[in-house]
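Residue numbers (this note's numbering): 1 to 454.
All C-beta atoms in this analysis are idealised placements derived from N, C-alpha and C, irrespective of residue type, glycine included.
Just so it is clear, the structure is predicted and the values come from calculations on it, not from any experiment.
Beneath this line is the structure, given in structure tokens, with notes to follow.
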Amino acid sequence: EREGGYLLSDSDSDSDMESDDVMEESDTELDHVTSLERAAYTTLYLLQELQTSSAQVSALTAASSTSDDNANNSLPSLFGGPATASNSASGLGGVIIEKSRFLMKLSPRIRRLESDTVKCLVGRLEELLVEMRSVMERQFHDDRAPPDEDDDGIGRGGVHPSKERERQARKRRKENLLLMIGHCLRGLALLGKGADAESAFARVAIMPIIRSKLSMGKLDEGGSRGECAGLFFLLDDIANTVASMYGSILRVSEGMFAPAERDVNVEHGNGNANEHENDNTAKGWSTPMEVDLVTCGVWVPVATALMADPGIKMAIFSPGIANVLQANYSALDTFLSELASSLLKNVKPSDNDHKSSIASAIVADIGDFSHLYYQPTLTTQSIENAQSRIYRHPTTVEFSKKWNLPIYYQLRFAEFCKRLDRALDGVRREGWEANVFTGEDRDAKAIQDQLGFE
């Protein structure tokens with residue numbers, strides 16, 4: 001049969017069968033990751049029960065000691081009222097103590113369950129991140145590939161059905177990977193192990209990109225040795241690569257774990273809006289995030305890599321040339337100030353996503369449920385909050401202290417003194433009408449033409 005003007009071959013039917021097998025396997029993986037998140041919920045419940053039971057036993061012990069002291073200091077009752085109350089309290093306390101003993105016996109198993117759940121979640125997250133990198137690299141390769149052209153002229157300038165099916169399958173796989181990564185992140189956040197998620201993301205996703213791009217050769221690309229002429233383009237390349245490969249994960253994480261942006265009373269007009277706004281501004285949205293991939297997953301590895309290598313650290317922070325130090329400072333300041341917006345910006349869908357009628361046929365057959373998926377809502381305020389967290393992080397403070405600014409000011413002061421001495425020497429030799437301007441000729445011409453100075 002013909003579909004969309006293309007003759008379907010045996011290879012196309014084989015690819016359809018393989019696609020069905022991949023979808024079934026993907027559903028099995030999604031069920032497994034979902035079960036891991038449910039395991040995190042169960043573990044959290046058991047941990048809370050264990051903590052609550054211990055707190056209740058401590059409260060009962062303290063109350064029992066207090067009541068014993070009061071009973072020793074009071075006269076005996078003729079009607080037995082306190083004894084009845086004491087018996088009732090002791091009965092309730094006995095139940096609580098019995099429950100506490102039961103949970104204490106299970107405590108090692110509960111802790112072991114917590115450790116195993118975290119280990120499984122982190123391991124699964126690392127596997128998903130590696131697969132996401134593979135999927136995105138394949139997508140970049142296909143986007144840069146020229147259109148297929150058949151010898152018979154069929155499909156000239158278009159996309160072959162098998163290629164389109166592969167692209168749609170890869171798109172569905174990417175969506176499933178995002179769903180599974182979200183389950184892993186939520187499971188780790190429930191157990192208070194957000195730092196493990198951030199560390200895994202930095203180690204598996206970001207560090208390979210940094211190692212492939214950061215070197216002294218690329219740092220000096222486009223200039224002489226030690227000038228760091230390629231620093232700006234190097235940082236821009238790292239940010240764009242991370243955003244294109246893992247931007248969807250960063251947006252989902254930011255949408256799930258970012259704290260609320262506005263106070264409810266301010267939105268409904270209750271209370272003093274300016275007071276709430278000033279209070280929130282003073283706090284700087286300091287509510288900690290369970291998982292902060294933008295700061296701890298991206299910025300911290302980049303800053304650590306720049307500060308760890310002695311050669312790169314010396315070339316960037318202490319070049320010994322004032323102009324080079326100023327250029328390096330400007331490049332890193334621009335990179336840092338635009339990092340959150342670069343990573344969280346929304347990417348427009350590719351034109352290839354809606355080109356072929358084959359894609360529409362596939363969507364009609366299997367059903368399109370993408371509108372039911374979680375879509376993070378990131379506003380300008382959300383990006384500003386993410387940027388504020390970057391500035392407040394201790395790594396940023398340590399990074400700022402690496403700049404050898406006293407040396408920079410000494411170098412600039414020496415330049416100024418040298419120019420001033422040159423001007424004084426010119427006036428001493430040629431008189432008051434001597435040309436004492438020590439800048440470039442184009443600047444001198446601009447001063448004369450625009451400002452009227454002689």
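For residue i, the first and last residue of its enclosing alpha helix (DSSP H)
{"i": "residue 341", "result": "339-344"}
{"i": "residue 187", "result": "161-190"}
{"i": "residue 319", "result": "No alpha helix (DSSP H) contains residue 319, which DSSP labels as neither H nor E."}
{"i": "residue 407", "result": "405-430"}
{"i": "residue 463", "result": "The displayed coordinates of the chain run from 1 to 454. Any statement about residue 463 would go beyond what the structure contains."}
{"i": "residue 214", "result": "From DSSP, residue 214 is part of no alpha helix (DSSP H); its letter is neither H nor E."}
{"i": "residue 476", "result": "Only positions 1 to 454 of the chain appear in this structure, which leaves residue 476 out of reach."}
{"i": "residue 306", "result": "300-308"}
{"i": "residue 394", "result": "394-401"}
{"i": "residue 201", "result": "194-201"}
Close beta carbons around residue i, own chain, < 6 angstroms, minus the five adjacent residues each side
{"i": "residue 296", "result": "198"}
{"i": "residue 82", "result": "Low confidence applies to residue 82: its pLDDT is 49, below 50, so where it sits in the model is not reliable, and the reading given next is rough at best. There are no such residues."}
{"i": "residue 201", "result": "293, 297"}
{"i": "residue 486", "result": "Residue 486 lies beyond the range of the chain shown here (1 to 454); nothing can be said about it."}
{"i": "residue 246", "result": "205"}
Check whether residue i and residue j have beta carbons under 8 angstroms apart
{"i": "residue 184", "j": "residue 106", "result": "no"}
{"i": "residue 29", "j": "residue 180", "result": "yes"}
{"i": "residue 331", "j": "residue 232", "result": "yes"}
{"i": "residue 210", "j": "residue 299", "result": "no"}
{"i": "residue 329", "j": "residue 190", "result": "no"}
{"i": "residue 322", "j": "residue 422", "result": "no"}
{"i": "residue 234", "j": "residue 343", "result": "no"}
{"i": "residue 206", "j": "residue 252", "result": "no"}
{"i": "residue 204", "j": "residue 130", "result": "yes"}
{"i": "residue 255", "j": "residue 380", "result": "no"}
{"i": "residue 302", "j": "residue 196", "result": "no"}
{"i": "residue 36", "j": "residue 114", "result": "no"}
{"i": "residue 228", "j": "residue 122", "result": "no"}
{"i": "residue 237", "j": "residue 213", "result": "yes"}
{"i": "residue 178", "j": "residue 248", "result": "yes"}
{"i": "residue 50", "j": "residue 110", "result": "yes"}
{"i": "residue 216", "j": "residue 311", "result": "yes"}
{"i": "residue 290", "j": "residue 257", "result": "yes"}
{"i": "residue 172", "j": "residue 138", "result": "no"}
Residue i burial status per 10 Å Cβ neighbour count (16 or more: buried)
{"i": "residue 387", "result": "buried"}
{"i": "residue 292", "result": "buried"}
{"i": "residue 512", "result": "Nothing about residue 512 can be reported from this structure: the residues present for the chain run from 1 to 454 only."}
{"i": "residue 259", "result": "exposed"}
{"i": "residue 314", "result": "exposed"}
{"i": "residue 140", "result": "exposed"}
{"i": "residue 108", "result": "exposed"}
{"i": "residue 102", "result": "exposed"}
{"i": "residue 294", "result": "buried"}
{"i": "residue 193", "result": "buried"}
{"i": "residue 167", "result": "buried"}
{"i": "residue 453", "result": "exposed"}
{"i": "residue 225", "result": "exposed"}
{"i": "residue 59", "result": "exposed"}
{"i": "residue 340", "result": "buried"}
{"i": "residue 264", "result": "Confidence in residue 264 is poor, its pLDDT being 36 and thus under 50, which makes the residue's placement unreliable; the coordinate value appears in the next sentence. The residue in question, residue 264, is exposed, as its Cβ has fewer than 16 Cβ neighbours within 10 Å."}
{"i": "residue 230", "result": "buried"}
Own chain, CB closer than 7 angstroms to residue i, minus 5 neighbours either side, in chain order
{"i": "residue 407", "result": "318"}
{"i": "residue 469", "result": "Lying outside 1 to 454, the shown extent of the chain, residue 469 is not represented and no answer is given."}
{"i": "residue 457", "result": "With the chain covering only 1 through 454, there is no way to say anything about residue 457."}
{"i": "residue 307", "result": "313, 399, 402"}
{"i": "residue 419", "result": "438"}
{"i": "residue 120", "result": "36"}
{"i": "residue 404", "result": "317, 318"}
Closer than 8 angstroms to chain C by CB, residue i
{"i": "residue 232", "result": "Judged by its chain identifiers, the structure shown contains no chain C, having just a single protein chain."}
Spatial neighbours of residue i in its chain, beta-carbon cut-off 8 angstroms, leaving aside the 5 residues before and after
{"i": "residue 396", "result": "299, 303, 336, 390"}
{"i": "residue 56", "result": "96, 100"}
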